[in-house]
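Data block below; observations after.
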Amino acid sequence: MSTPNGFPQHSRVCLTRSMEGGAVQDLQAKKAGKAAKKEAGGDGVPPKVGTPISETLKLLPEELKANMKIRSITPRPPRKPRLERAASLDEKSWRKWRRFRTSQESLTDPNETSSSNGSLQEASPSPPTRGRASPCNPCCQQDSLHSSPEALEAGPGGKSRGGASDLGKRASEISSAFGGLLRGKGFAGGKPRLSQIMPARPLPPMELNVASHSLRTANRIDSDCLDYRHYSQHKFGRVSSSLSDSRLQGNGTLYDNCSTDSMKSTFSVLTPIRAKDVRSRSYLEGSLLASGALMGAEELSRYFPDRNMGIFVATWNMQGQKELPVNLDDFLLPTDPDFAQDMYVIGVQEGCPDRREWEIRLQETLGPHYVLLHSAAHGVLYMSVFIRRDLIWFCSEVEYATVTTRIVSQIKTKGALGISFTFFGTSFLFITSHFTSGDSKVNERKLDYNKTIQALTLPKNVPDTNPYRSSSSDVTTRFDEVFWFGDFNFRLNKDRETVDSILNQHPDTDVSKLLVYDQLTSEMSRGSIFKGFQEADIHFRPSYKFDIGKDSYDSTSKQRTPSYTDRVVFRSRYKDDIQAVKYSSCPVIRTSDHRPVFALFRVKVRPGRDNIPLAAGLFDRDLYLIGIRRRATRELLKRREQKDQRSSSICSIS
């Protein structure tokens, strides 16, 4: 729509929009204005098509010019850095993360006339969107493009009709309107506004899995809670921040229904549980495949996807020494395996007088990730079972029994101590023994073995997982996995000189010539002892008998022959359930005439039923607190000593 003189009605707004030209163009505008005045002449001839708008203004009546309130002073330009920054942020956000939904509202109000949208589209490089922008009047766009500072000087006689203050106010209003529009806000009326930024379609599923299958453990969503994700998406939008840590998302890391780590996980959260599931679940009953079974397959797969756990088994004859090693890290935490084990079982013969101190040292070494599930003693026979603290809920009650093999039962230096429990659906039996000593007393040691398997009364209250394969005359047949370790006192049937010669000729790992004379290997091959048991290959030097504090074997007048007295053997009800990973000794601990011997195993675990007496997370809390307190105190003292050494260092100048 235009006036009788042919000038567009909204040219006033377009002219006002043209005031946003930069101050850099002022000098060029003045020169162009003088040239336009000479060409226009002033004879009142109507303008031709394509005539610049500055010439058209000179031909308008005085009243129209007065109403247009044209100002000759060029306003301060808008803050270009701010506009460019806003546009670049919008563009960056659109390119990476967002796609606009089709807008349901127009950017302009039908009751008002605004040409600033067209100018905005030309001035700022906004990305292409799926929203519908209101079409801008082409005439307005053309006038905006052809407008120049000449029109600002088109008042009668070239004089301005207004002051600089009014024009500055108008310019500030325009700048604030631009800023509000780019920030997603409307003008003063609040009617023109950008559409809400929402995904145009459902987000694609994130299939990338950053965790290896064997490390996905503690936090996979229950199958009966899988719809929690869809419910949360419907109600709250994306729920990724509540199901995985923001630090993973910030690095571009994706997640799935499983947690992204296992023991080392510090980024996972607890699985959401619905209230109705808490009401309906019962952990008192269950089956192997029940979804709510605490010991069932679903819970087992959550913690052990491959259904294999790591077990550390060690034996050490301490010779009754009061002095304990300064550091047990090399014993309990060897550097060869990259990860710590799920369970630690340590058996001691001729233990130190202060058994509690020994257990505190074990707790201090293993640290806060482990708790003492159970410990027992039979005279100077000690056994301690540590387990990862998040696995204590899947253990049954722990039971133990003892056997004395000496004729005088009051002297409990020889005998056996057994601890048993069920973990998920797999029953475990750990036995530590100290058999009769003496080079030639092989038969007595076999009698000790037979008495142990017959007199060890386990299990007691915990039911047998497979009673059809059990025998009342052999305790080792009543459990799925059995580990027997201790000072068995079997020797090498060879003189000292020959053994020393073999040790000097061959490296530490080649001891096959020594094992030819080993009494235990010979008896096991005949089937007279440890029936059904196996032993991993030996690649370490004999663990007995050393001079205390030294790496040399017995140098006393007795000249005892070095022997493999300390051993770890195992058996299973099912073939290949136990895999030996490492079998070695710890030569750096020299406080006894025996070297500690340890073995690492991978053991298959099966799901179980909930109808067994549970330990319900019971562990030795007092020992845990003392061990952690000592660990923290030791670290503080170590740092203080390092600080004192740095502060007390003296530089000498020669």
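Read in order, the letters of the sequence shown are residues 1 to 654 in UniProt numbering.
Every residue gets a Cβ at the ideal spot worked out from N, C-alpha and C, and that includes glycine.
From what residue to what residue does the beta strand (DSSP E) around residue i run?
i: residue 481; result: 481–487
i: residue 638; result: Not the beta strand (DSSP E): residue 638 falls in the alpha helix (DSSP H), residues 621–647.
i: residue 572; result: 566–572
i: residue 346; result: 343–349
i: residue 381; result: 381–388
i: residue 601; result: 597–604
i: residue 720; result: This structure leaves residue 720 out entirely; the chain is present only between 1 and 654.
i: residue 423; result: 415–423
i: residue 375; result: 370–378
i: residue 579; result: 578–585
Using only alpha-carbon positions, find the residue among the options that is nearest to residue i.
i: residue 317; options: 367, 383, 631; result: 383
i: residue 360; options: 594, 631, 599; result: 631
i: residue 657; options: 608, 479, 458; result: No answer is possible for residue 657: it lies beyond the span of the chain, which begins at 1 and ends at 654.
i: residue 458; options: 339, 497, 472; result: 472
i: residue 614; options: 647, 562, 559, 293; result: 293
i: residue 488; options: 463, 443, 199; result: 443
i: residue 455; options: 464, 475, 446, 399; result: 475
i: residue 392; options: 381, 377, 399, 373; result: 373
i: residue 332; options: 576, 315, 321; result: 315
i: residue 628; options: 371, 337, 355; result: 371
i: residue 470; options: 545, 348, 574, 407; result: 574
Just to check my reading of the structure: residue i and residue j have Cβ atoms closer than 8 Å, yes? What is that Cβ distance to the nearest angstrom?
i: residue 517; j: residue 538; result: Rounded, the Cβ-Cβ distance is 13 Å, inconsistent with contact.
i: residue 655; j: residue 424; result: There is simply no residue 655 to check, as the chain begins at 1 and stops at 654 in what is shown.
i: residue 433; j: residue 486; result: 4 Å
i: residue 358; j: residue 431; result: Rounded, the Cβ-Cβ distance is 19 Å, inconsistent with contact.
i: residue 547; j: residue 555; result: 6 Å
i: residue 415; j: residue 401; result: With a Cβ gap of about 11 Å, residue 415 and residue 401 do not count as contacting.
i: residue 428; j: residue 399; result: So it is not a contact: roughly 11 Å between Cβ atoms.
i: residue 446; j: residue 523; result: 7 Å
i: residue 363; j: residue 623; result: 5 Å
Can you give me the C-alpha to C-alpha distance between residue i and residue j, rounded to a whole angstrom?
i: residue 582; j: residue 601; result: 7 Å
i: residue 389; j: residue 621; result: 11 Å
i: residue 426; j: residue 477; result: 13 Å
i: residue 499; j: residue 597; result: 20 Å
i: residue 353; j: residue 328; result: 18 Å
i: residue 301; j: residue 325; result: 39 Å
i: residue 307; j: residue 604; result: 6 Å
i: residue 460; j: residue 519; result: 34 Å
i: residue 567; j: residue 525; result: 16 Å
i: residue 345; j: residue 379; result: 18 Å
i: residue 274; j: residue 612; result: 26 Å
i: residue 129; j: residue 369; result: Low confidence applies to residue 129: its pLDDT is 44, below 50, so where it sits in the model is not reliable, and the reading given next is rough at best. Between residue 129 and residue 369, the C-alpha separation is close to 53 Å.
i: residue 560; j: residue 496; result: 7 Å
i: residue 494; j: residue 521; result: 14 Å
i: residue 513; j: residue 502; result: 7 Å
i: residue 585; j: residue 276; result: 53 Å
i: residue 635; j: residue 366; result: 14 Å
i: residue 323; j: residue 339; result: 29 Å
i: residue 184; j: residue 619; result: Caution is warranted here: a pLDDT of 48 is assigned to residue 184, below 50, making its placement in the model unreliable, and no coordinate value can be reported.
i: residue 643; j: residue 625; result: 27 Å
i: residue 319; j: residue 349; result: 7 Å
i: residue 640; j: residue 203; result: 54 Å
i: residue 103; j: residue 200; result: With a pLDDT of 49 at residue 103, under the threshold of 50, the modelled position of this residue cannot be trusted; read the value that follows with caution. Taking the straight line from one Cα to the other gives about 11 Å.
i: residue 436; j: residue 553; result: 21 Å
i: residue 645; j: residue 616; result: 48 Å
Apart from the five residues on each side of it in sequence, which residues of its chain come closer than 6 Å, Cβ to Cβ, to residue i?
i: residue 572; result: 481, 578
i: residue 84; result: The predicted position of residue 84 is uncertain, since its pLDDT is 49 and thus under 50; a value taken from the coordinates is nonetheless stated next. No residues qualify anywhere along the chain.
i: residue 142; result: With a pLDDT of 44 at residue 142, under the threshold of 50, the predicted position of this residue should be treated as unreliable, though the coordinate-derived value follows. Closer than 6 Å at Cβ, skipping near neighbours: no residue.
i: residue 449; result: 529
i: residue 533; result: 569, 571
i: residue 386; result: 344, 366, 370, 372
Sorted by chain position, which residues of the same chain lie with C-beta nearer than 7 Å to residue i's C-beta, five sequence neighbours on each side aside?
i: residue 341; result: 310, 311, 312, 600
i: residue 451; result: 403, 405
i: residue 295; result: 286, 394, 424, 425, 607, 608, 609, 610
Since residue i is in the alpha helix (DSSP H), which residue starts that stretch and which ends it?
i: residue 442; result: 442–455
i: residue 359; result: 355–366
i: residue 303; result: 297–303
i: residue 521; result: 519–526
i: residue 403; result: Counting along the chain, residue 403 falls outside any alpha helix (DSSP H), though it belongs to the beta strand (DSSP E) covering 399–404.
i: residue 513; result: 512–515
Taking 8 Å as the limit between beta carbons, can you name the residues of its chain near residue i, skipping five residues before and five after?
i: residue 549; result: 590, 591
i: residue 492; result: 499, 514, 517, 518, 519, 542, 561, 562, 563, 564
i: residue 462; result: 396, 397, 399, 420, 421, 422, 427, 612, 613
i: residue 506; result: 513
i: residue 594; result: 316, 317, 318, 319, 487, 543, 544, 545, 546, 565, 566
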